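Working notes, structure below.
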């Protein structure tokens, strides 16, 4: 009866968190952006952040990704050379992280793509930013990634402005993932897409998380999306994290008044 | 393998005047390896609540739930995720999947998550789908458009893909015809034979009598309302 017991926890314990956030706060004047947020994200984990508009989700994501400087707190990332606080590191170092170990998928693909450059160029550019120089290799990697996000290879020389919204979003994901990041920040990645494209994108993201072992932090207001995609969930209200835990536990047995309201407000299809 | 001690649970409904509803008190049970235990009791007595606490999507107020050496009441989300990946399987009544994913991949997913090569995981998934009489022409389609009984069988195939040491079964034979019901009963018997600890809810009385070594009546865990 005890035979199978010790096996798994030996494997789980020794790792260190990929990202460790401690006491993160950001105010806009006297208004609270986000306040005293702390959590650990482990390799291969997907964390969902939900909450109503203005609850501080995007502020938090921007602080984590280094787009905004927090007022207080630490964001410790396990870099190749050991844990480092990304809030206090120099701007060039943070930018290097942003184009190697990190990726950021914007809600609006136009914010994450260069609209005047071809699809292949958009993907290849990120590779060149980390030192790839051989044209054939870059082109090959770009073609491979367009295929993975289900964009026809024949469209490689088209500009994103000629793509539909869903294709642009998939192109943005390809551009972000081509360099094999370890952590992806996503701001409403499926917002504004029609549901059939959403489903394909969800499947794509799940496959990538599984195959590449990447971790992701996803901000969304869509509870159905987090249920299918996120391992863990954080609920925000007025800048504060009011509840966090396993995704299905938070959704099925919400403890905080606001989470109960949120979960019971979803329309059934 | 599964041991529950003095478990209690209540719901607090903040948006309905803060009503506190105690639903379980002093629940204790134990399921050994190779054993199948049925939860019985009238509808609303708390069978599903207890099952969900073991799965970890309901929080307990006090007590302990030990599965394979981990106490779910105090475990971190990460430990529960690892437990679900490797030790604890769950066949729920409803199939919840990403739309448009082919059935064969839905069934293979738990194996892929454990790092099994794709070809091998798919082969295992196909064997199970074949056994559960899901027509081959449906394997490449998403199960979201399947009939209730077909979805149920896809769910069962997924739940039995990996040989979990502990299994939770919620009405595995509901909405199945006689032939498929028999296949499911055999799958459960094989799981018992390889040493899995199984905790289940079976409204199908014949199935319950055939599979289960013991019954636990959850009515005795229902808090007595002070009249």
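Chains as they are written, first to last, in the working numbering: chain A, 3 to 271; chain B, 18 to 244.
Where is the CB? At the ideal position from N, CA and C, for every residue including glycine.
Bear in mind that the values here come from a model prediction, so they are computed numbers and not experimental data.
Unbroken alpha helix (DSSP H) run spanning residue i, endpoints
i, result
"residue 129 of chain B", "120-130"
"residue 230 of chain A", "225-231"
"residue 107 of chain B", "Segment 105-108 is the beta strand (DSSP E) holding residue 107 of chain B; no alpha helix (DSSP H) there."
"residue 173 of chain B", "165-177"
"residue 205 of chain A", "197-214"
"residue 71 of chain B", "64-72"
"residue 43 of chain A", "Careful: residue 43 of chain A lies outside any alpha helix (DSSP H), inside the beta strand (DSSP E) at 33-43."
"residue 227 of chain B", "222-228"
"residue 215 of chain B", "Residue 215 of chain B -> not in any alpha helix (DSSP H); beta strand (DSSP E) instead, spanning 214-218."
"residue 222 of chain A", "Where residue 222 of chain A is concerned, there is no enclosing alpha helix (DSSP H), given that its DSSP letter is neither H nor E."
"residue 143 of chain B", "135-148"
"residue 123 of chain A", "121-131"
"residue 97 of chain A", "93-101"
"residue 200 of chain B", "195-210"
"residue 259 of chain A", "259-266"
Minimum C-alpha distance to residue i - residue among the options
i, options, result
"residue 118 of chain A", "A:202, A:182, A:162 and A:25", "A:162"
"residue 43 of chain A", "A:221, A:258, A:212 and A:185", "A:185"
"residue 46 of chain A", "B:100, B:122 and B:130", "B:130"
"residue 104 of chain B", "B:115, B:118, B:89 and B:146", "B:89"
"residue 220 of chain B", "B:145, B:213, B:232 and B:167", "B:232"
"residue 213 of chain B", "B:199, B:126, B:229 and B:223", "B:229"
"residue 102 of chain A", "A:82, A:89 and A:86", "A:82"
"residue 29 of chain B", "B:76, B:57, B:169 and B:180", "B:76"
"residue 87 of chain B", "B:135, B:119, B:40 and B:20", "B:20"
"residue 87 of chain A", "A:105, A:100, A:54 and A:21", "A:21"
"residue 169 of chain B", "B:184, B:193, B:215 and B:155", "B:193"
"residue 240 of chain A", "A:99, A:27 and A:66", "A:27"
"residue 98 of chain A", "A:110, A:68, A:32 and A:265", "A:68"
"residue 125 of chain A", "A:109, A:110 and A:160", "A:160"
"residue 181 of chain A", "A:171, A:190 and A:146", "A:146"
"residue 189 of chain A", "A:59, A:256, A:257 and A:136", "A:59"
"residue 115 of chain B", "A:57, A:199 and A:105", "A:199"
"residue 104 of chain A", "A:217, A:225 and A:266", "A:217"
Residue i, enclosing beta strand (DSSP E) - first and last residue
i, result
"residue 109 of chain A", "Segment: none, residue 109 of chain A is in no beta strand (DSSP E) and carries neither H nor E."
"residue 42 of chain B", "36-48"
"residue 23 of chain B", "19-30"
"residue 87 of chain A", "84-87"
"residue 231 of chain B", "231-234"
"residue 83 of chain B", "79-84"
"residue 48 of chain A", "48-52"
"residue 246 of chain A", "242-248"
"residue 180 of chain A", "Run containing residue 180 of chain A: none; DSSP gives neither H nor E here."
"residue 30 of chain A", "21-30"
"residue 152 of chain A", "Taken as a continuous stretch (DSSP letters only), residue 152 of chain A belongs to no beta strand (DSSP E), as it is neither H nor E."
"residue 234 of chain A", "234-239"
Burial state of residue i, where buried means 16 or more other Cβ atoms lie within 10 Å
i, result
"residue 154 of chain A", "exposed"
"residue 241 of chain B", "exposed"
"residue 6 of chain A", "In this prediction, residue 6 of chain A scores a pLDDT of 43, lower than 50, which makes its location untrustworthy; the coordinate-derived value is nonetheless stated afterwards. When all chains shown are included, residue 6 of chain A counts as buried."
"residue 60 of chain B", "exposed"
"residue 23 of chain B", "exposed"
"residue 262 of chain A", "buried"
"residue 107 of chain A", "buried"
"residue 167 of chain B", "buried"
"residue 9 of chain A", "Note that residue 9 of chain A has pLDDT 47, beneath the 50 cutoff, so the model's placement of it is unreliable and the number below is only indicative. Exposed, by the Cβ-count rule."
"residue 124 of chain B", "buried"
"residue 268 of chain A", "exposed"
"residue 52 of chain B", "buried"
"residue 168 of chain A", "buried"
"residue 192 of chain A", "buried"
"residue 197 of chain A", "exposed"
"residue 135 of chain B", "exposed"
"residue 30 of chain A", "exposed"
"residue 199 of chain B", "exposed"
"residue 91 of chain B", "exposed"
"residue 101 of chain B", "buried"
"residue 173 of chain B", "buried"
Inter-residue CB distance, residue i and residue j (contact presumed, cutoff 8 Å)
i, j, result
"residue 173 of chain A", "residue 115 of chain A", "6 Å"
"residue 201 of chain B", "residue 182 of chain B", "So it is not a contact: roughly 20 Å between Cβ atoms."
"residue 187 of chain A", "residue 219 of chain A", "5 Å"
"residue 118 of chain B", "residue 159 of chain B", "6 Å"
"residue 66 of chain B", "residue 40 of chain B", "6 Å"
Closer than 6 Å: residue i CB and nearest the ligand ZN heavy atom
i, result
"residue 156 of chain B", "Judged by which ligands are present, the structure shown has none, so any question about the ligand ZN falls away."
Task: Meets three-Cβ-pair contact criterion under 8 Å: the stretch 224-233 of chain A and the stretch 39-55 of chain A - done: yes
Open item on the list: Using a Cβ distance threshold of 8 Å, determine whether the stretch 76-88 of chain B contacts the stretch 108-128 of chain B, with at least three qualifying pairs required.
Closed with: no
Task: Cβ pair count under 8 Å reaching 3, the stretch 28-37 of chain B against the stretch 93-107 of chain B - done: no
- [ ] Spell out a yes or no on whether the stretch 85-97 of chain A and the stretch 130-142 of chain A are touching, meaning 3 or more CB-CB pairs, one atom from each, closer than 8 Å.
- [x] no
Open item on the list: Assess contact between the stretch 67-83 of chain A and the stretch 144-158 of chain A, defined as three or more Cβ pairs (one per stretch) separated by less than 8 Å. Is contact present?
Closed with: no
Open item on the list: Using a Cβ distance threshold of 8 Å, determine whether the stretch 66-77 of chain B contacts the stretch 135-154 of chain B, with at least three qualifying pairs required.
Closed with: no
- [ ] For the stretch 240-256 of chain A and the stretch 207-217 of chain A, state whether three or more C-beta atom pairs, one from each stretch, are separated by less than 8 Å.
- [x] no
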